[in-house]
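Undergrad: Below: one structure in C-alpha coordinates.
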Amino acid sequence: MTTPQELEAALPAAALRAEDAWWPKPAPRPFRHVVGARRLPSEQWLRPREQDAALVAWRRALLDAEGARAFAALPGTDLAGDVLLGLIRSVLASPVEDAAGSPSGHPLDVAGRLVAEDLCLVDLADGRPRLVGASLAMPNRWLLAEKLGQDMAGIHVPVPGYAEQLSPAVDKFLTSLREDRIMTRANWAITDDPRLFQPAADSRAQQGVSVRTPQEAARLLHVRVEYQTLRLLPPPARSSVVFTIRTAHEPLSALADRPQVAADLASTIEVMPADDLEYKGVLPYREPVLELLQDFSMRDA
(Lines of atoms letter the chains of each structure in order from A and count residues from 1; the text may use other names and numbers.)
(Lines give C-alpha, C1' and ligand atoms only; values in the text may rest on other atoms or scores of the structure.)
Protein backbone atom coordinates (compact mmCIF):
# COMPACT_ATOMS: atom_id res chain seq x y z
CA MET A 1 0.00 0.00 0.00
CA THR A 2 1.32 3.44 -0.93
CA THR A 3 1.91 5.65 2.10
CA PRO A 4 0.75 9.28 2.43
CA GLN A 5 4.40 10.34 2.44
CA GLU A 6 5.05 8.58 -0.87
CA LEU A 7 1.91 10.07 -2.42
CA GLU A 8 2.86 13.54 -1.15
CA ALA A 9 6.34 13.26 -2.64
CA ALA A 10 4.81 12.34 -6.00
CA LEU A 11 2.34 15.24 -6.13
CA PRO A 12 2.81 17.46 -9.20
CA ALA A 13 3.82 21.02 -8.36
CA ALA A 14 0.76 22.29 -10.23
CA ALA A 15 -1.52 20.56 -7.70
CA LEU A 16 -0.13 22.79 -4.95
CA ARG A 17 0.22 26.04 -6.89
CA ALA A 18 -1.98 28.96 -5.89
CA GLU A 19 -4.09 30.60 -8.55
CA ASP A 20 -3.78 34.38 -8.80
CA ALA A 21 -7.24 34.90 -7.29
CA TRP A 22 -6.27 33.00 -4.13
CA TRP A 23 -3.68 35.50 -2.93
CA PRO A 24 -4.70 38.04 -0.27
CA LYS A 25 -4.66 41.72 -1.09
CA PRO A 26 -2.02 43.90 0.60
CA ALA A 27 -2.74 44.79 4.22
CA PRO A 28 -4.14 48.28 4.81
CA ARG A 29 -1.84 51.10 5.90
CA PRO A 30 -1.74 51.75 8.80
CA PHE A 31 -2.02 48.04 9.53
CA ARG A 32 -5.25 46.66 10.92
CA HIS A 33 -6.94 43.27 10.86
CA VAL A 34 -9.79 42.84 8.40
CA VAL A 35 -12.03 39.89 7.48
CA GLY A 36 -11.36 40.59 3.82
CA ALA A 37 -14.26 38.56 2.43
CA ARG A 38 -15.90 39.07 -0.95
CA ARG A 39 -18.77 37.46 -2.81
CA LEU A 40 -18.07 34.39 -4.94
CA PRO A 41 -20.29 33.37 -7.89
CA SER A 42 -21.91 30.04 -7.07
CA GLU A 43 -20.49 28.40 -10.19
CA GLN A 44 -16.97 29.07 -8.87
CA TRP A 45 -17.49 27.16 -5.62
CA LEU A 46 -15.24 24.07 -5.47
CA ARG A 47 -13.90 24.18 -9.00
CA PRO A 48 -12.01 20.90 -9.48
CA ARG A 49 -8.66 21.18 -11.26
CA GLU A 50 -7.13 18.57 -13.53
CA GLN A 51 -4.38 17.82 -11.01
CA ASP A 52 -6.86 17.12 -8.21
CA ALA A 53 -6.93 13.33 -8.63
CA ALA A 54 -3.44 12.95 -7.16
CA LEU A 55 -4.24 15.37 -4.34
CA VAL A 56 -7.49 13.57 -3.50
CA ALA A 57 -5.65 10.22 -3.44
CA TRP A 58 -3.14 11.70 -1.00
CA ARG A 59 -5.93 13.13 1.16
CA ARG A 60 -7.62 9.72 1.43
CA ALA A 61 -4.38 8.04 2.44
CA LEU A 62 -3.65 10.80 4.95
CA LEU A 63 -7.14 10.61 6.47
CA ASP A 64 -6.77 6.85 6.85
CA ALA A 65 -3.33 7.16 8.43
CA GLU A 66 -4.04 10.04 10.81
CA GLY A 67 -7.50 9.04 11.99
CA ALA A 68 -8.88 11.40 14.63
CA ARG A 69 -6.10 13.93 14.03
CA ALA A 70 -7.54 14.55 10.56
CA PHE A 71 -11.27 13.85 10.93
CA ALA A 72 -13.71 14.43 13.76
CA ALA A 73 -17.38 15.37 14.08
CA LEU A 74 -19.59 16.01 17.07
CA PRO A 75 -22.87 14.12 17.55
CA GLY A 76 -25.76 15.66 15.66
CA THR A 77 -23.75 16.66 12.60
CA ASP A 78 -24.88 13.87 10.27
CA LEU A 79 -27.69 15.92 8.73
CA ALA A 80 -25.41 18.83 7.85
CA GLY A 81 -22.86 16.32 6.56
CA ASP A 82 -25.48 14.72 4.31
CA VAL A 83 -26.50 18.09 2.87
CA LEU A 84 -22.87 19.03 2.24
CA LEU A 85 -22.14 15.68 0.63
CA GLY A 86 -25.07 16.20 -1.73
CA LEU A 87 -23.78 19.63 -2.71
CA ILE A 88 -20.30 18.30 -3.37
CA ARG A 89 -21.54 15.40 -5.48
CA SER A 90 -23.57 17.86 -7.55
CA VAL A 91 -20.48 19.85 -8.57
CA LEU A 92 -18.07 16.99 -9.26
CA ALA A 93 -17.34 16.33 -12.91
CA SER A 94 -17.81 12.59 -12.45
CA PRO A 95 -19.20 10.39 -9.68
CA VAL A 96 -16.34 9.10 -7.51
CA GLU A 97 -18.16 8.48 -4.24
CA ASP A 98 -17.87 4.69 -4.48
CA ALA A 99 -14.10 5.04 -4.12
CA ALA A 100 -14.27 7.22 -1.02
CA GLY A 101 -14.02 4.38 1.52
CA SER A 102 -14.85 6.30 4.71
CA PRO A 103 -14.05 4.18 7.80
CA SER A 104 -16.34 6.28 10.00
CA GLY A 105 -19.26 6.30 7.59
CA HIS A 106 -19.95 9.93 8.55
CA PRO A 107 -21.06 11.91 5.47
CA LEU A 108 -18.56 14.68 6.28
CA ASP A 109 -15.78 12.09 6.19
CA VAL A 110 -17.04 10.81 2.84
CA ALA A 111 -17.24 14.37 1.50
CA GLY A 112 -13.68 15.10 2.60
CA ARG A 113 -12.44 12.17 0.51
CA LEU A 114 -13.96 13.50 -2.71
CA VAL A 115 -12.37 16.94 -2.94
CA ALA A 116 -9.00 18.67 -2.64
CA GLU A 117 -10.31 21.07 0.02
CA ASP A 118 -10.36 20.71 3.78
CA LEU A 119 -13.94 20.94 5.03
CA CYS A 120 -15.07 22.47 8.32
CA LEU A 121 -18.65 22.49 9.61
CA VAL A 122 -19.66 25.50 11.70
CA ASP A 123 -22.89 25.41 13.70
CA LEU A 124 -24.87 28.64 14.10
CA ALA A 125 -27.78 27.27 16.13
CA ASP A 126 -27.28 29.30 19.32
CA GLY A 127 -26.02 32.45 17.59
CA ARG A 128 -22.46 31.66 18.67
CA PRO A 129 -20.72 30.03 15.69
CA ARG A 130 -18.66 27.00 16.71
CA LEU A 131 -16.70 24.28 14.95
CA VAL A 132 -18.58 20.97 15.08
CA GLY A 133 -16.75 18.85 12.50
CA ALA A 134 -13.84 18.83 10.08
CA SER A 135 -12.02 16.80 7.46
CA LEU A 136 -8.57 18.31 7.83
CA ALA A 137 -5.58 17.13 5.80
CA MET A 138 -3.62 20.40 5.69
CA PRO A 139 -3.83 22.13 9.08
CA ASN A 140 -1.45 25.03 9.50
CA ARG A 141 -0.19 24.55 13.07
CA TRP A 142 -3.46 23.70 14.78
CA LEU A 143 -4.88 20.55 16.33
CA LEU A 144 -8.42 19.53 15.47
CA ALA A 145 -8.97 17.93 18.88
CA GLU A 146 -8.19 21.25 20.58
CA LYS A 147 -10.53 23.32 18.39
CA LEU A 148 -13.54 20.99 18.00
CA GLY A 149 -16.58 22.33 19.83
CA GLN A 150 -15.09 25.77 20.41
CA ASP A 151 -16.59 29.06 19.27
CA MET A 152 -14.70 31.38 16.93
CA ALA A 153 -13.16 33.38 19.77
CA GLY A 154 -11.82 30.22 21.38
CA ILE A 155 -10.46 28.86 18.12
CA HIS A 156 -8.63 32.08 17.31
CA VAL A 157 -7.02 32.75 20.71
CA PRO A 158 -3.51 32.46 19.16
CA VAL A 159 -4.31 35.05 16.46
CA PRO A 160 -2.91 38.48 17.39
CA GLY A 161 -5.59 41.16 17.58
CA TYR A 162 -8.48 38.76 16.95
CA ALA A 163 -10.34 39.39 20.20
CA GLU A 164 -9.93 43.16 20.00
CA GLN A 165 -10.42 43.77 16.28
CA LEU A 166 -12.14 40.80 14.63
CA SER A 167 -14.20 38.65 16.99
CA PRO A 168 -17.55 40.51 16.86
CA ALA A 169 -17.19 41.15 13.12
CA VAL A 170 -16.50 37.48 12.34
CA ASP A 171 -19.46 36.24 14.40
CA LYS A 172 -21.75 38.78 12.73
CA PHE A 173 -20.38 37.86 9.31
CA LEU A 174 -21.05 34.14 9.85
CA THR A 175 -24.53 34.55 11.30
CA SER A 176 -25.47 36.91 8.44
CA LEU A 177 -24.59 34.49 5.63
CA ARG A 178 -27.38 33.70 3.16
CA GLU A 179 -27.86 30.68 0.93
CA ASP A 180 -27.55 32.79 -2.21
CA ARG A 181 -24.31 34.50 -1.14
CA ILE A 182 -21.18 32.35 -1.05
CA MET A 183 -18.21 34.28 0.29
CA THR A 184 -14.47 33.84 -0.16
CA ARG A 185 -11.34 35.11 1.54
CA ALA A 186 -7.66 34.20 1.69
CA ASN A 187 -4.97 33.60 4.26
CA TRP A 188 -1.23 32.97 4.11
CA ALA A 189 1.80 31.94 6.14
CA ILE A 190 5.51 31.28 5.71
CA THR A 191 6.90 27.94 6.88
CA ASP A 192 10.26 26.22 7.03
CA ASP A 193 8.50 22.82 6.95
CA PRO A 194 7.75 21.36 3.50
CA ARG A 195 5.12 18.91 4.78
CA LEU A 196 1.45 19.47 3.97
CA PHE A 197 0.03 18.00 7.20
CA GLN A 198 1.24 20.37 9.91
CA PRO A 199 -0.77 20.00 13.12
CA ALA A 200 0.54 22.02 16.03
CA ALA A 201 2.27 19.09 17.71
CA ASP A 202 4.40 18.45 14.61
CA SER A 203 4.97 21.98 13.37
CA ARG A 204 8.21 23.89 12.93
CA ALA A 205 10.23 20.67 12.64
CA GLN A 206 13.03 22.69 11.11
CA GLN A 207 12.65 25.81 13.25
CA GLY A 208 16.38 25.92 13.89
CA VAL A 209 17.15 26.32 10.20
CA SER A 210 19.39 29.27 9.43
CA VAL A 211 18.03 31.75 6.88
CA ARG A 212 20.26 34.80 6.62
CA THR A 213 20.15 35.68 2.92
CA PRO A 214 17.49 36.02 0.21
CA GLN A 215 19.06 33.03 -1.52
CA GLU A 216 18.61 30.88 1.58
CA ALA A 217 15.02 32.11 1.93
CA ALA A 218 14.29 31.07 -1.65
CA ARG A 219 15.83 27.65 -1.07
CA LEU A 220 14.57 26.78 2.41
CA LEU A 221 11.23 28.52 2.98
CA HIS A 222 7.73 27.81 1.71
CA VAL A 223 4.59 29.89 1.41
CA ARG A 224 1.18 28.44 2.28
CA VAL A 225 -1.91 30.13 0.85
CA GLU A 226 -5.41 29.20 1.95
CA TYR A 227 -8.24 29.93 -0.47
CA GLN A 228 -11.29 29.82 1.77
CA THR A 229 -15.00 29.79 1.01
CA LEU A 230 -17.95 30.10 3.37
CA ARG A 231 -21.39 28.86 2.44
CA LEU A 232 -24.62 28.57 4.41
CA LEU A 233 -25.99 25.09 3.83
CA PRO A 234 -29.54 24.84 2.45
CA PRO A 235 -32.48 23.24 4.28
CA PRO A 236 -32.75 21.04 6.19
CA ALA A 237 -29.31 22.09 7.49
CA ARG A 238 -30.04 25.81 7.54
CA SER A 239 -28.11 26.55 10.75
CA SER A 240 -24.81 25.15 9.43
CA VAL A 241 -22.01 26.77 7.45
CA VAL A 242 -19.39 24.89 5.48
CA PHE A 243 -15.97 26.48 5.56
CA THR A 244 -13.74 25.10 2.80
CA ILE A 245 -9.97 25.55 2.73
CA ARG A 246 -8.01 24.92 -0.47
CA THR A 247 -4.32 25.04 0.49
CA ALA A 248 -1.50 25.85 -1.88
CA HIS A 249 2.00 25.08 -0.65
CA GLU A 250 4.93 26.30 -2.73
CA PRO A 251 8.61 27.09 -2.32
CA LEU A 252 9.07 30.80 -1.80
CA SER A 253 11.18 30.76 -4.96
CA ALA A 254 8.00 30.03 -6.94
CA LEU A 255 7.03 33.70 -6.63
CA ALA A 256 9.89 34.67 -8.95
CA ASP A 257 7.48 34.61 -11.91
CA ARG A 258 4.66 36.44 -10.06
CA PRO A 259 5.96 39.96 -9.44
CA GLN A 260 2.60 41.44 -8.41
CA VAL A 261 1.99 38.70 -5.85
CA ALA A 262 5.51 39.22 -4.50
CA ALA A 263 4.95 42.99 -4.30
CA ASP A 264 1.63 42.58 -2.46
CA LEU A 265 3.11 40.14 0.04
CA ALA A 266 6.13 42.38 0.62
CA SER A 267 3.81 45.34 1.20
CA THR A 268 1.96 43.40 3.90
CA ILE A 269 5.13 42.20 5.62
CA GLU A 270 6.50 45.76 5.69
CA VAL A 271 3.60 47.04 7.83
CA MET A 272 2.85 43.99 9.99
CA PRO A 273 3.57 44.25 13.72
CA ALA A 274 6.04 41.78 15.21
CA ASP A 275 3.40 39.59 16.89
CA ASP A 276 1.57 39.14 13.58
CA LEU A 277 4.84 38.36 11.80
CA GLU A 278 5.58 35.74 14.46
CA TYR A 279 2.14 34.18 13.99
CA LYS A 280 2.63 34.10 10.21
CA GLY A 281 6.01 32.41 10.57
CA VAL A 282 7.89 35.37 9.09
CA LEU A 283 9.55 37.06 12.07
CA PRO A 284 12.75 34.96 12.25
CA TYR A 285 13.28 35.50 8.52
CA ARG A 286 11.74 38.93 7.95
CA GLU A 287 14.68 40.72 6.36
CA PRO A 288 15.84 38.04 3.88
CA VAL A 289 12.21 37.25 2.94
CA LEU A 290 11.42 40.92 2.38
CA GLU A 291 14.55 41.42 0.29
CA LEU A 292 13.71 38.35 -1.81
CA LEU A 293 10.11 39.44 -2.42
CA GLN A 294 11.17 42.96 -3.34
CA ASP A 295 13.62 41.52 -5.85
CA PHE A 296 10.89 39.32 -7.34
CA SER A 297 8.50 42.28 -7.50
CA MET A 298 10.84 44.17 -9.84
CA ARG A 299 11.08 41.37 -12.40
CA ASP A 300 9.01 41.24 -15.57
CA ALA A 301 5.90 39.07 -15.35
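Number 165 in our numbering belongs to position 159 of the sequence shown; there are no gaps in the numbering.
Virtual Cβ for every residue (Gly too), placed ideally from N, Cα, C.
Check Thr9 in the structure and name its three-state DSSP category.
TA: As a working note, residue 9 is residue 3 in the sequence shown. Reduced to three states, the DSSP call for Thr9 is coil.
Undergrad: For the putative contact between Asp198 and Leu227, defined by C-beta atoms under 8 Å, what is the C-beta separation to the nearest angstrom?
TA: On the sequence shown, residue 198 is found 192 positions in, with the first residue counted as 1. On the sequence shown, residue 227 is found 221 positions in, with the first residue counted as 1. Confirmed, about 6 Å.
Undergrad: When you compare the CB positions of Val229 and Arg237, do they come within less than 8 Å of one another, or not?
TA: Along the sequence shown, one-based indexing puts residue 229 at 223. Along the sequence shown, one-based indexing puts residue 237 at 231. Not a contact, by the Cβ cut-off of 8 Å.
Undergrad: Which value, in whole angstroms, describes the spacing of the CA atoms of Val116 and Leu91?
TA: Taking the sequence shown and counting its residues from 1, the one referred to as residue 116 is at position 110. Taking the sequence shown and counting its residues from 1, the one referred to as residue 91 is at position 85. Whole-angstrom Cα-Cα distance: 7 Å.
Undergrad: For Pro113 versus Asp132, is the C-beta distance shorter than 8 Å?
TA: In the sequence shown, the residue the question calls residue 113 occupies position 107. In the sequence shown, the residue the question calls residue 132 occupies position 126. Cβ distance not < 8 Å, so Pro113 and Asp132 don't count as in contact.
Undergrad: Does DSSP put Val277 in a helix, a strand or coil?
TA: In the sequence shown, counting from the first residue as 1, residue 277 sits at position 271. In this structure, Val277 counts as helix in the three-state DSSP scheme.
Undergrad: Would you mind sorting Val163 into buried or exposed? The rule is 16 or more other CB atoms within 10 Å of its CB.
TA: Within the sequence shown, residue 163 is the residue found at index 157, counting from 1. Val163 is exposed by the Cβ-count criterion.
Undergrad: Compare the Cα-Cα distances from Leu289 to each of Met278, Leu299, Arg191 and report the closest residue.
TA: Taking the first residue of the sequence shown as 1, we reach residue 289 at position 283. If we check each option's Cα against that of Leu289, Met278 comes out closest.
Undergrad: Report the start-end ranges of each beta strand (DSSP E) in the region 131-196 that is 3 residues or longer and not cut off at the edges.
TA: Fully enclosed beta strand (DSSP E) runs of 3 or longer: 136-141.
Undergrad: Check whether the region 45-52 touches the region 273-287, counting contact only when three or more Cβ pairs, one atom from each stretch, lie closer than 8 Å.
TA: Cβ pair count under 8 Å is below three, so no.
Undergrad: Near Ala159, which residues of its chain fall below 6 Å by C-beta distance, leaving aside the five closest residues on each side in sequence?
TA: Within the sequence shown, the letter at position 153 stands for residue 159. Contacts found: Ser173.
Undergrad: Per DSSP, what kind of secondary structure is Glu256 in: helix, strand or coil?
TA: Stepping through the sequence shown from its first residue, residue 256 is reached at position 250. In the structure shown, Glu256 sits in a strand (DSSP, three-state: E or B).
Undergrad: Can you tell which of Asp58, Pro166, Ala79 has the C-alpha that lies nearest to the C-alpha of Pro13?
TA: Looking up residue 13 in the sequence shown gives position 7. Here the sequence assigns Leu to residue 13, which means Pro is not the residue at that position. If we check each option's Cα against that of Leu13, Asp58 comes out closest.
Undergrad: Suppose only complete runs of 3+ residues qualify. What are the beta strand (DSSP E) ranges in the region 21-64, listed by chain order?
TA: Entirely contained in the region 21-64, the beta strand (DSSP E) runs reaching 3 residues are, in chain order, 44-46.
Undergrad: Go to Gln234, then tell me how far its beta strand (DSSP E) extends in each direction, as first and last residue.
TA: By one-based count along the sequence shown, residue 234 stands at place 228. Unbroken beta strand (DSSP E) run through Gln234: 228-238.
Undergrad: State the beta-bridge partners of Phe77 as determined by DSSP.
TA: As a first step, residue 77 is located in the sequence shown; it is residue number 71 there, counting from the start. Phe77 is bridged to Ser141.
Undergrad: So, with DSSP's three-state summary, where would you put Ser303?
TA: Locating residue 303 in the sequence shown gives position 297, where the first residue counts as 1. Note: Ser303 maps to helix in three-state DSSP.
Undergrad: So for Asp199, helix, strand or coil by DSSP?
TA: Numbered from 1 along the sequence shown, position 193 holds the residue referred to as residue 199. Looking at Asp199 - three-state DSSP - the assignment turns out to be coil, as it is neither helix nor strand.
Undergrad: Please work out which residues of its chain come closer than 7 Å, Cβ to Cβ, to Arg187, disregarding the five sequence neighbours upstream and downstream, and give them in chain order.
TA: In the sequence shown, the residue the question calls residue 187 occupies position 181. These residues qualify, in order along the chain: Arg45.
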